[in-house]
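Input: a single structure, listed below in structure tokens.
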Amino acid sequence: MALQERQEPDVYQENFEPTSYLEYYRMNQDPVGDEVLHFLLKHYNATFKPGGLEGKLLIDIGSGPTIYQFLSACESFQEIIATDYTDKNLQELEKWLKKMPGAFDWSPVVKYVCELEGNRDKWAEKEERVRRTVTQVLKCDVLKERPLEPAVLPPADGLISSLCLEAACPTPQACRDALRHLRTLLRLGGHLVLSGGFETTFFMVGDKRFSTLPLNEKFLREALQEAGFIIEKLEKVTRAAETHLDNRSDYTGLFFLVARRGD
Ligand SMILES: C[S@@+](CC[C@H](N)C(=O)[O-])C[C@H]1O[C@@H](n2cnc3c(N)ncnc32)[C@H](O)[C@@H]1O
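Quick note on numbering: the numbering used here labels position 64 of the sequence shown as 73, and the sequence is numbered without any gaps.
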């Protein structure tokens, strides 16, 4: 199938400012970011705790400039590869990974996850573990048949992706195709851990508005089945009343699912 040509100007390369986006993740300062973090961190912790998913290689699809999604997975995967579509996000990730000046302070979020794991004092150690485990930061485009080209990687044991597909896919068919593209990165029996918002049509990054593909449970179940995944767990939460007043995005809820790649 012909690659999805980008008609519109490259809104993410041009307008997605990592430092503006990171403002959502200043813990205890942003109700929307807190709602997302509390939900996702709880389920990442439950998914990657001892006895949960584990393996050699985990690839994060559409990492953005964030590292919260690695905090539990770094305990059960030997190597994590972060990926994103924009150069600025990849540079922001490198800033934190290499402890460069001006990097975002994730320590409140790291401490929160260490508390979930029962040892808040280990937060500095946890940060170093993430820095050791995230070995590469690669360019990614989920609309391409081979999302990570030109990089060629061994089949991953796991994929994670948070709040990316709804941002990256302009149509439902593009999302179905993206799931098929992601499947090619995963070994047979490997797991996809997918999370995001329900019914989101836009979100703001600073003063820039990004349109998104509104997802719902029915569509996700059908699209994942069509792409050859078996859903093993799907958690969801309705958006809290107090964040509905926040007009930076119109998501109605959040989902977190674990699916296995069938043969
Ligand atoms: C809402 S942000 C999510 C970032 C991060 N995963 C998180 O949990 O906050 C959406 C991300 O999707 C990325 N993106 C946009 N188009 C993409 C594409 N075609 N392929 C992969 N990622 C894309 C953007 O660069 C951005 O980092």
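Heads up, the beta-carbon is just placed ideally off N, CA and C, and yes, glycines get one too.
Sorted by chain position, which residues of the same chain lie with C-beta nearer than 8 Å to Leu174's C-beta, five sequence neighbours on each side aside? Same-chain partners within the cutoff: Gly71, Val151, Cys184, Ala187, Leu188, Leu203, Gly205, Leu222 and Leu224.
State yes or no: is the C-beta of Val151 nearer than 8 Å to some heavy atom of ligand 1? Flag set: Cβ of Val151 near ligand 1.
Between the alpha carbons of Tyr94 and Gln182, how many angstroms are there, rounded? Each residue's Cα considered, the two are about 19 Å apart.
For Thr144, three-class secondary structure by DSSP: Correct three-state label for Thr144: strand.
Under 8 Å from any heavy atom of ligand 1, does the C-beta of Ala176 make it? Yes, Cβ of Ala176 sits closer than 8 Å to a heavy atom of ligand 1.
Looking at ligand 1, does it come within less than 8 Å of Gly167, judged from the CB to the closest heavy atom? For ligand 1, not one heavy atom lies less than 8 Å from the Cβ of Gly167.
Just to confirm the assignment, what range does the alpha helix (DSSP H) spanning Gln234 have? Its alpha helix (DSSP H) spans residues Glu226 to Glu235.
Inspect the CB distances between the segment 95-104 and the segment 26-42 and report whether three or more fall short of 8 Å. At 8 Å Cβ cutoff, the stretches touch.
In angstroms with no decimal places, state the Cα-to-Cα distance between Thr252 and Glu44. Linking Thr252 to Glu44 through their CA atoms gives a straight-line distance of about 8 Å.
On a Cα-Cα basis, can you pick out the residue from Ser258, Leu197, Gly167 and Asp255 that is closest to Glu290? Any property of residue 290 remains undetermined from this structure, which presents the chain solely from 10 to 272.
Opening and closing residue of the alpha helix (DSSP H) in which Arg189 lies: Looking at the DSSP string, the run of the alpha helix (DSSP H) that includes Arg189 is Pro181 to Arg192.
Helix, strand or coil: how does DSSP classify Arg129 here? In the structure shown, Arg129 adopts helical secondary structure according to DSSP, grouped into three states.
For Asp43, which of helix, strand or coil comes out of DSSP? Helix, per DSSP.
Close Cβ partners of Thr261 (< 6 Å) along its chain, the five nearest in sequence each way excluded: Cβ within range, chain order: Phe207, Glu208 and Arg248.
Local Cβ density within 10 Å of Leu12, reported as buried at 16 or more and exposed below that: At Leu12, the pLDDT of 44 sits below 50, so the modelled position is not reliable; the number obtained from the coordinates is stated separately. Exposed, because fewer than 16 other Cβ atoms sit within 10 Å of the Cβ of Leu12.
Check: Phe265 C-beta below 8 Å from any heavy atom of ligand 1: Proximity of the beta carbon of Phe265 to ligand 1 is not indicated: no heavy atom of the ligand is located closer than 8 Å.
Own chain, CB closer than 8 Å to Asn37, minus 5 neighbours either side, in chain order: Answer for Asn37: Asp43 and Pro117, listed in chain order.
Report the partner residues of Ile68 according to the DSSP bridge assignment. According to DSSP, residue pairing for Ile68 in a beta bridge involves Ile90 and Leu168.
Gly215 and Arg269 closer than 9 Å at C-beta: One thing to note: Gly215 has its Cβ no nearer than 9 Å to the Cβ of Arg269.
In chain order, what residues of the same chain lie with their CB nearer than 6 Å to the CB of Gln87, ignoring the 5 residues before and after it? For Gln87, where only same-chain residues beyond five positions count, the Cβ hits under 6 Å are Lys65.
Following the continuous beta strand (DSSP E) through Ser29, name the residue where it begins and the one where it ends. Looking at the DSSP string, Ser29 is not in any beta strand (DSSP E); the run it does join, the alpha helix (DSSP H), is Pro27 to Leu31.
Between Pro110 and Ser171, what straight-line distance do the alpha-carbon atoms span, to the nearest angstrom? Their backbone Cα atoms lie some 26 Å apart in a straight line.
Using the rule of at least 16 other Cβ atoms within 10 Å of the residue's Cβ for burial, across every protein chain shown, is Leu263 buried or exposed? Buried is the call here.
Between the beta-carbon of Phe48 and the beta-carbon of Phe265, is there less than 9 Å? Cβ atoms of Phe48 and Phe265: closer than 9 Å.
By how many angstroms is the C-alpha of Leu197 removed from the C-alpha of Glu231? Just so you know, the alpha carbons of Glu231 and Leu197 end up roughly 20 Å apart.
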